[in-house]
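Just so you know, my numbering puts 675 at position 170 of the sequence shown, and the rest follows in order with no gaps.
One structure below.
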Amino acid sequence: MEARPPIKIHILHCGTVSVSPSVPEGGLSLGGALGGVFCPESRRVTLPVSCYLIEHPAGRVLVDTGISRDISPDGVFDRKAANRILPTYLTGFFRPSVEKGCTAVEKLEGLGIAPEDLDIVLLTHLDPDHTAGLRSLRNAKRRLMPQEEFFWSCRTVFRVRQPWNLWVDEDTEYFWFKGTGIGPNWWSYDLFGDGSVTLVSLPGHTFGHIGVKIENNGKSLILCSDACFNGRNLSTMIVPGFGFSEKSMLRSLKWLRSEAEKPGCIGVIANHDPDVPEQVIEL
Numbered sequence: 506m507e508a509r510p511p512i513k514i515h516i517l518h519c520g521t522v523s524v525s526p527s528v529p530e531g532g533l534s535l536g537g538a539l540g541g542v543f544c545p546e547s548r549r550v551t552l553p554v555s556c557y558l559i560e561h562p563a564g565r566v567l568v569d570t571g572i573s574r575d576i577s578p579d580g581v582f583d584r585k586a587a588n589r590i591l592p593t594y595l596t597g598f599f600r601p602s603v604e605k606g607c608t609a610v611e612k613l614e615g616l617g618i619a620p621e622d623l624d625i626v627l628l629t630h631l632d633p634d635h636t637a638g639l640r641s642l643r644n645a646k647r648r649l650m651p652q653e654e655f656f657w658s659c660r661t662v663f664r665v666r667q668p669w670n671l672w673v674d675e676d677t678e679y680f681w682f683k684g685t686g687i688g689p690n691w692w693s694y695d696l697f698g699d700g701s702v703t704l705v706s707l708p709g710h711t712f713g714h715i716g717v718k719i720e721n722n723g724k725s726l727i728l729c730s731d732a733c734f735n736g737r738n739l740s741t742m743i744v745p746g747f748g749f750s751e752k753s754m755l756r757s758l759k760w761l762r763s764e765a766e767k768p769g770c771i772g773v774i775a776n777h778d779p780d781v782p783e784q785v786i787e788l
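What follows is the structure in structure tokens.
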């Protein structure tokens, strides 16, 4: 079979969060979530906040948007600045920062790419560490998120997790999942209509949460966003401590592990995994 044009995936670290150790692999519990706000600095772990640039023959896609410069004006954690953008309890939970030159728009500039050169900015879900940089990318041609994620963002617990001011005015489009047999609940969406980039419903962290499965030339890679936080979640089946449904999180983890074991899969990459360096992967 003739080789298809390559797809390049740039893994970009666009900020950090400093969180309770229960967040990446503590098992889901209300106490763990509340403890994440009040966890002392000495016990916190620092995790990267990743974005992904997919250079595809059909266009450039940026997956998630990282921490914005106005949250961290001087490149360090700035509680006062963060509190101007986020509710104080989210500032306390995440303690977000982004070094100089490391926001998504700054990293893209280093690659010679302006926001208007992006065909799609894709949001995997609406937690602030994934949406805060969206305003600086408003000149991208399209902004896209799951309809299911939008529906739940103003309801139940997600009202306190997902500040609307970060994304609601950014002229975003919504897509509906289709019953395709792909994913833990058989829901997905074919982004380009050729099976090369599939947006897979991976509920658990949020209702509408998605991962991105990229397939080309007999190889595959999954950007699983926050369905897991590191490889230990997959090996132990201990879910992260931040989500809404342990049952759904486990189903998503099991599907990811089954995908990782398939021939041709070169990796399942979690957004906040400190063991995943910045790199360029070609399929």
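Even glycine gets a Cβ: it sits at the ideal position worked out from N, Cα and C.
No experiment lies behind these values; they were computed from the predicted model shown.
Using a 10 Å radius around the Cβ and a threshold of 16 neighbouring Cβ atoms, would you call residue i buried or exposed?
i	result
residue 650	buried
residue 616	exposed
residue 723	exposed
residue 732	buried
residue 619	exposed
residue 729	buried
residue 507	exposed
residue 663	buried
From the DSSP output, in three-state form, read off residue i for me.
i	result
residue 623	coil
residue 773	strand
residue 564	strand
residue 658	coil
residue 555	strand
residue 664	helix
residue 759	helix
residue 521	strand
residue 675	coil
residue 602	strand
Is residue i near the ligand NAD, with its Cβ less than 7 Å from a heavy atom?
i	result
residue 735	By its list of ligands, the structure shown contains no ligand whatsoever, and the ligand NAD lies outside what it can speak to.
Quick check: residue i and residue j, are their CB atoms within less than 8 Å of each other?
i	j	result
residue 552	residue 714	no
residue 570	residue 626	yes
residue 561	residue 783	no
residue 719	residue 693	no
residue 568	residue 521	no
residue 548	residue 525	yes
residue 640	residue 675	yes
Taking the alpha-carbon positions, what's the residue i to residue j distance?
i	j	result
residue 557	residue 669	23 Å
residue 679	residue 655	8 Å
residue 788	residue 575	35 Å
residue 789	residue 684	The question about residue 789 has no answer, for the chain in this structure spans 506 to 788.
residue 528	residue 544	11 Å
residue 746	residue 768	30 Å
residue 597	residue 665	13 Å
Would you say residue i reaches chain B, if we count a Cβ-Cβ gap shorter than 8 Å as a contact?
i	result
residue 576	No chain B is present in this structure, which holds just one protein chain.
Requested in this report: Give, in chain order, every unbroken run of the beta strand (DSSP E) that is at least 3 residues long and sits entirely within the segment 693-747.
Outcome: 702-706, 715-721 and 724-730
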